[in-house]
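Enquirer: My structure is below; once you've seen it, I'll send some questions.
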Amino acid sequence: MFTRRGILLASIAAGVAVSGRNAHGKAAQPATPVNFEVPAGACDCHTHIHADPEKFPFFAGRVYTPELASPQDMSELHRALGVERVVIVTPSVYGTDNSATLFGMRARGPTARGVAVIDDKTPESDLDAMQKDGFRGIRLNLATGGINDPNVAKQRFQAAVDRMKSRGWHVQLYTTLPLIAAIKDLVLASPVPAVFDHFGGANAALGVEQPGFADLVELVKSGKAYVKISGAYRASKLAPDYPDVVPLAKMLIAANPDRIVWGTDWPHPNSVTPPGQKITDVTPLFQIDDGSVLNQLALWEPDAAICRKILVDNPARLYGFG
Numbered sequence: 001m002f003t004r005r006g007i008l009l010a011s012i013a014a015g016v017a018v019s020g021r022n023a024h025g026k027a028a029q030p031a032t033p034v035n036f037e038v039p040a041g042a043c044d045c046h047t048h049i050h051a052d053p054e055k056f057p058f059f060a061g062r063v064y065t066p067e068l069a070s071p072q073d074m075s076e077l078h079r080a081l082g083v084e085r086v087v088i089v090t091p092s093v094y095g096t097d098n099s100a101t102l103f104g105m106r107a108r109g110p111t112a113r114g115v116a117v118i119d120d121k122t123p124e125s126d127l128d129a130m131q132k133d134g135f136r137g138i139r140l141n142l143a144t145g146g147i148n149d150p151n152v153a154k155q156r157f158q159a160a161v162d163r164m165k166s167r168g169w170h171v172q173l174y175t176t177l178p179l180i181a182a183i184k185d186l187v188l189a190s191p192v193p194a195v196f197d198h199f200g201g202a203n204a205a206l207g208v209e210q211p212g213f214a215d216l217v218e219l220v221k222s223g224k225a226y227v228k229i230s231g232a233y234r235a236s237k238l239a240p241d242y243p244d245v246v247p248l249a250k251m252l253i254a255a256n257p258d259r260i261v262w263g264t265d266w267p268h269p270n271s272v273t274p275p276g277q278k279i280t281d282v283t284p285l286f287q288i289d290d291g292s293v294l295n296q297l298a299l300w301e302p303d304a305a306i307c308r309k310i311l312v313d314n315p316a317r318l319y320g321f322g
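The numbering used here numbers the first residue of the sequence shown as 1 and each following residue consecutively.
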């Protein structure tokens with residue numbers, strides 16, 4: 001069991017700076033100690049690895065180039081947070097090359113699972129190998145990819161479900177509430193779970209009445225979909241505590257606490273290349289204090305038993321941790 005004092009001492013031993021930057025000056029490390037008892041087996045369900053591009057080259061068709069974030073940096077993060085398990089998701093900058101994600105998973109061993117990006121050219125033999133390596137889902141990125149057509153979203157989701165149903169993998173979607181509303185019936189009929197990133201793309205400033213949020217809540221309530229209460233900084237502009245995210249989080253948790261998982265979204269990539277820069281220019285990572293982020297969970301859900309579901313039980317079921 002991780003105590004607040006133990007986590008703070010681990011943070012100090014790791015040399016965590018008040019600025020939130022690590023010794024490499026890239027991916028953020030926690031500046032705030034965790035203020036509640038993190039249960040054993042807790043899982044960060046949304047992270048990425050940005051490995052050495054000489055060994056793991058970025059996809060030529062990417063829309064941004066991130067700073068690097070290594071497995072060692074990630075392990076430092078999780079030691080400070082008191083989090084044992086991790087799910088590493090292939091980011092859009094690698095296209096359908098999942099090598100960097102696998103590199104990160106192997107560095108963590110049996111406490112890691114992966115979510116891959118594939119296309120219709122990915123052979124079943126590759127999926128077989130990924131299953132043995134610990135991949136348990138595929139990701140459709142409809143946000144960074146700029147897909148706003150509901151018909152395209154429906155086609156891509158259904159094609160993903162058709163490929164995953166024999167494996168029992170889930171389909172993870174980074175998308176928007178209007179597209180979630182458009183595919184709701186397909187999700188309800190799906191033989192595999194859908195997993196929505198980052199509050200389903202909700203805009204916290206628009207509150208729980210915004211179009212599409214009720215559809216997301218309905219899917220969670222049905223048990224057919226999971227939501228990652230992750231990346232609050234993507235939903236809200238009210239850093240560092242994101243108070244306008246609270247009603248969204250509470251409503252989703254209340255709808256079905258068995259279908260909520262938590263994640264940092266570390267190393268917090270900025271997927272928008274700044275004006276005047278080329279896509280190949282490095283765009284700095286957002287500097288987010290993940291200690292403060294984890295503390296928000298205890299505010300969104302003060303019941304320790306439900307927090308345990310979110311941090312331990314639900315990820316164990318969804319990602320197949322022993």
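Just so you know, even glycine gets a beta-carbon here, dropped at the ideal spot from N, CA and C.
(1) With burial defined as no fewer than 16 other Cβ atoms inside 10 Å of the residue's Cβ, what is the status of Ala42: buried or exposed?
(2) Give me the Cβ distance between Gly291 and Val86, rounded to the nearest whole Å; I'm assuming they're in contact under 8 angstroms.
(3) Is it right to say Cys307 is buried, meaning 16 or more other beta carbons lie within 10 angstroms of its own, or is it exposed?
(4) From this set, Phe58, Asp241, Phe56 and Pro71, which residue's C-alpha is nearest Trp266's C-alpha?
(5) Assign Asp289 to buried or exposed, taking buried as 16 or more other Cβ atoms, counted over all protein chains shown, within 10 Å of its Cβ.
(6) Measure the alpha-carbon distance for His46 versus Gly276 and round it to whole angstroms.
(7) Between which two residues does the alpha helix (DSSP H) holding Asp126 run?
(8) Have a look at Val220, Gln158 and Thr111 and flag the residue whose alpha-carbon is nearest the alpha-carbon of Ile138.
(9) Give me whichever residues DSSP pairs with Pro66 in a beta bridge.
(10) Near Asp44, which residues of its chain fall below 6 angstroms by C-beta distance, leaving aside the five closest residues on each side in sequence?
(11) If you compare alpha carbons, which of Pro243, Ala143, Thr32 and Ala305 is closest to Asn270?
(12) Let me make sure I understand the geometry here. Which of Asn203, Arg79 and Lys154 has the alpha-carbon closest to that of Ala181?
(13) Under 6 angstroms Cβ to Cβ from Phe199, same chain only, skipping five residues before and after it: list those, please.
(14) Does the structure place the segment 208-228 close enough to the segment 171-186 that three or more beta carbon pairs sit under 8 angstroms?
(15) First and last residue of the beta strand (DSSP E) that includes Trp262?
(16) Just checking my contact of Leu285 with Ala51 at CB under 8 angstroms: how many whole Å lie between their CB atoms?
(17) Please go through the segment 184-245 and give each complete beta strand (DSSP E) segment of 3 or more residues, from N-terminal end onward.
(18) List the DSSP bridge partners of Leu173.
(19) Between the beta-carbon of Pro150 and the beta-carbon of Leu179, is there less than 8 angstroms?
(20) Measuring straight from C-alpha to C-alpha, what distance separates Val192 and Ser125?
(21) Check whether the Cβ atoms of Leu81 and Leu294 sit closer than 8 angstroms, and answer yes or no.
(22) Buried or exposed for Ala100, going by 16 or more other Cβ atoms inside 10 Å?
(23) In terms of residue numbering, what span does the alpha helix (DSSP H) encompassing Arg308 cover?
(24) Counting along the chain, where does the beta strand (DSSP E) carrying His46 start and finish?
(25) Measuring only the C-alpha atoms, how far is Leu318 from Ile310?
(26) Beta-carbon separation of Met130 and Gly104 under 8 angstroms?
(27) Thinking C-alpha only, which one of Ala112, Arg163 and Arg106 is nearest Asp128?
(28) Quick one: what does DSSP say Val38 is sitting in, helix, strand or coil?
Expert: According to the structure shown:
(1) Along the sequence shown, one-based indexing puts residue 42 at 42. Ala42 is buried by the Cβ-count criterion.
(2) As a first step, residue 291 is located in the sequence shown; it is residue number 291 there, counting from the start. As a first step, residue 86 is located in the sequence shown; it is residue number 86 there, counting from the start. That pair is no contact at about 16 angstroms.
(3) Position 307 of the sequence shown, counted from the start, is the residue given in the question as residue 307. Cys307 is buried by the Cβ-count criterion.
(4) Stepping through the sequence shown from its first residue, residue 266 is reached at position 266. If we check each option's Cα against that of Trp266, Pro71 comes out closest.
(5) Position 289 of the sequence shown holds residue 289. It is buried - the Cβ of Asp289 has at least 16 other Cβ atoms within 10 Å.
(6) By 1-based counting over the sequence shown, the position of residue 46 is 46. By 1-based counting over the sequence shown, the position of residue 276 is 276. For His46 and Gly276, the distance between alpha carbons rounds to 30 angstroms.
(7) Taking the sequence shown and counting its residues from 1, one reaches residue 126 at position 126. Taken as a continuous stretch (DSSP letters only), the alpha helix (DSSP H) holding Asp126 covers Glu124 to Asp133.
(8) Along the sequence shown, read from residue 1 onward, the residue named residue 138 stands at position 138. When only C-alpha atoms are compared, the closest one is Gln158.
(9) Mapped onto the sequence shown, residue 66 falls at position 66. Answer by DSSP bridge pairing, in chain order: Thr283.
(10) Translated into the one-based positions of the sequence shown, residue 44 becomes position 44. Around Asp44: Val83, Val86, Gly263 and Thr264.
(11) For this step, residue 270 is matched to residue 270 along the sequence shown. Checked all of Pro243, Ala143, Thr32 and Ala305; the closest Cα to Asn270 is Ala143.
(12) Taking the first residue of the sequence shown as position 1, residue 181 is located at position 181. When each option's Cα is compared against that of Ala181, the closest is Lys154.
(13) If you number the sequence shown from 1, residue 199 lands on position 199. Ala235 and Leu248.
(14) yes
(15) Here the question's residue 262 lines up with position 262 in the sequence shown. That run of the beta strand (DSSP E) goes Ile260 to Gly263.
(16) For this step, residue 285 is matched to residue 285 along the sequence shown. For this step, residue 51 is matched to residue 51 along the sequence shown. About 14 angstroms separates the two Cβ atoms, so there is no contact after all.
(17) 194-196 and 225-230
(18) Locating residue 173 in the sequence shown gives position 173, where the first residue counts as 1. Leu173 is bridged to Leu140 and Phe196.
(19) Residue mapping note: residue 150 aligns to position 150 of the sequence shown, counting from 1. Residue mapping note: residue 179 aligns to position 179 of the sequence shown, counting from 1. In contact: Pro150 and Leu179 (Cβ atoms closer than 8 angstroms).
(20) What you label residue 192 is simply residue 192 of the sequence shown in a count that begins at 1. What you label residue 125 is simply residue 125 of the sequence shown in a count that begins at 1. Rounded to the nearest angstrom, the two C-alpha atoms are 20 angstroms apart.
(21) Along the sequence shown, one-based indexing puts residue 81 at 81. Along the sequence shown, one-based indexing puts residue 294 at 294. Yes, the pair counts as a contact, with Cβ atoms nearer than the cut-off.
(22) What you label residue 100 is simply residue 100 of the sequence shown in a count that begins at 1. Flag for Ala100 reads buried.
(23) Working through the sequence shown from its first residue, we reach residue 308 at position 308. Segment Ala304 to Arg308, the alpha helix (DSSP H) holding Arg308.
(24) Within the sequence shown, residue 46 is the residue found at index 46, counting from 1. Here the beta strand (DSSP E) through His46 covers Cys43 to Thr47.
(25) The residue given as residue 318 occupies position 318 in the sequence shown. The residue given as residue 310 occupies position 310 in the sequence shown. Their backbone Cα atoms lie some 11 angstroms apart in a straight line.
(26) Within the sequence shown, numbered from 1, the residue matching residue 130 stands at position 130. Within the sequence shown, numbered from 1, the residue matching residue 104 stands at position 104. No, the pair does not count as a contact, with Cβ atoms beyond the cut-off.
(27) As a working note, residue 128 is residue 128 in the sequence shown. Comparing Cα-Cα distances from Asp128 to each of Ala112, Arg163 and Arg106, the minimum goes to Arg163.
(28) Indexing the sequence shown from 1 puts residue 38 at position 38. Here Val38 sits in strand by DSSP.
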